[in-house]
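Asker:
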Amino acid sequence: MDKKEKLRDQKIGHLHSNGKLSDKGITIDYDRESVEEHLPNLAAELNDPDHRSVLSIKDYKNNLKKEQHLEKEDSIAPIDVESTKLEIKQYKRRIKETYKSKYDENSELFYPKTEDFLRRCSNLKEVREILEYQVKMKEITRENAENLWKKCKEEGIRSLGSKKEWGYYEKKYRAS
């Protein structure tokens with residue numbers, strides 16, 4: 008232990024010897040002179056008017072109780088469910104209107120039919136692949152796939168409409 012530590016221990020020891028134990032044995036009271044002599048920085052903080060805003064433990068507990076009471080009141084406060092539902096509906100409607108497409112939502116652009124996919128095909132092998140995939144994904148029934156296959160085989164792929172080349176949707180929907 009160096010000299011500084013010994014001196015500090017002596018000061019604190021002297022401070023403890025000057026302290027008076029409370030009746031309940033929980034706190035020790037010191038006289039002002041002892042605190043100022045042995046703990047000058049603490050005394051300066053205690054005497055500084057800017058530091059007087061610091062809450063005591065009792066004040067802290069009282070504030071905590073008030074906050075807890077307010078939280079309980081807030082959590083129990085009734086909510087007007089009907090007006091909240093109305094606000095949500097209005098908000099959803101505004102979002103829908105804002106992002107609504109100018110195109111028909113039932114068009115090939117949004118929901119292409121099997122025929123729309125088949126119109127991109129160049130040969131019957133591609134037609135068969137598309138039909139098998141559509142059946143596998145349960146987009147169409149096996150019976151519907153057989154009818155489309157039969158039509159393409161007998162009448163040709165172009166019987167479903169002209170070939171949809173690359174850029175078809177761009178030309179059709181962006182140009183308008």
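Using the working numbering, the letters of the sequence shown correspond one by one to residues 8 to 183. Even for Gly, the Cβ is constructed at its ideal location relative to N, Cα and C. Computed from a predicted model, the values in this text were never measured in an experiment.
Could you give the DSSP three-state label for Asp123: helix, strand or coil?
Answerer: Note: Asp123 maps to helix in three-state DSSP.
Asker: Quick check on this structure: which residue in Thr105, Glu146, Arg101 and Arg100 has the alpha carbon closest to the alpha carbon of Glu122?
Answerer: For Glu122, the nearest C-alpha among the options comes from Glu146.
Asker: Below 8 angstroms on the Cβ atoms is my guess for Ser166 versus Lys158; work out the distance and round it to an integer in Å.
Answerer: Indeed they touch by this definition, with Cβ atoms about 6 angstroms apart.
Asker: Near Lys1, which residues of its chain fall below 8 angstroms by C-beta distance, leaving aside the five closest residues on each side in sequence?
Answerer: Nothing can be reported for residue 1: it is not among the residues displayed for the chain, which extend from 8 to 183.
Asker: Got a sec? Which residues, its chain only, sit under 7 angstroms from Ala152 by beta carbon, not counting five neighbours each side?
Answerer: Excluding residues within five positions, the ones whose Cβ falls inside 7 angstroms are Leu138, Gln141 and Val142.
Asker: Just the Cα atoms here: how many angstroms apart are Leu131 and Gly163?
Answerer: For Leu131 and Gly163, the distance between alpha carbons rounds to 9 angstroms.
Asker: Quick check: what's the CA-CA separation for Gln75 versus Glu104?
Answerer: Cα to Cα, the separation comes out at about 43 angstroms.
Asker: Got a sec, what are the start and stop residues for the alpha helix (DSSP H) Arg39 sits in?
Answerer: Where Arg39 is concerned, the enclosing alpha helix (DSSP H) stretches over Arg39 to His45.
Asker: Going by beta-carbon coordinates alone, are Val42 and Ala50 separated by less than 8 angstroms?
Answerer: For Val42 and Ala50, yes; Cβs fall inside 8 angstroms.
Asker: Return the CA-CA distance between Tyr37 and Asp55, expressed in angstroms with no decimal places.
Answerer: Between Tyr37 and Asp55, the C-alpha separation is close to 18 angstroms.
Asker: Distance, Cα to Cα, Asn48 vs Asn70?
Answerer: Distance between the alpha carbons of Asn48 and Asn70 is about 28 angstroms.
Asker: Are Arg135 and Trp156 closer than 8 angstroms when you measure CB to CB?
Answerer: In this structure, Trp156 lies closer than 8 angstroms to Arg135 by Cβ.
Asker: Just the C-alpha distance for Arg149 and Tyr176, rounded to the nearest angstrom, thanks.
Answerer: Distance between the alpha carbons of Arg149 and Tyr176 is about 28 angstroms.
Asker: For Lys132, report the span of its alpha helix (DSSP H) as first-last.
Answerer: Note, Lys132: alpha helix (DSSP H), Leu131 to Lys143.
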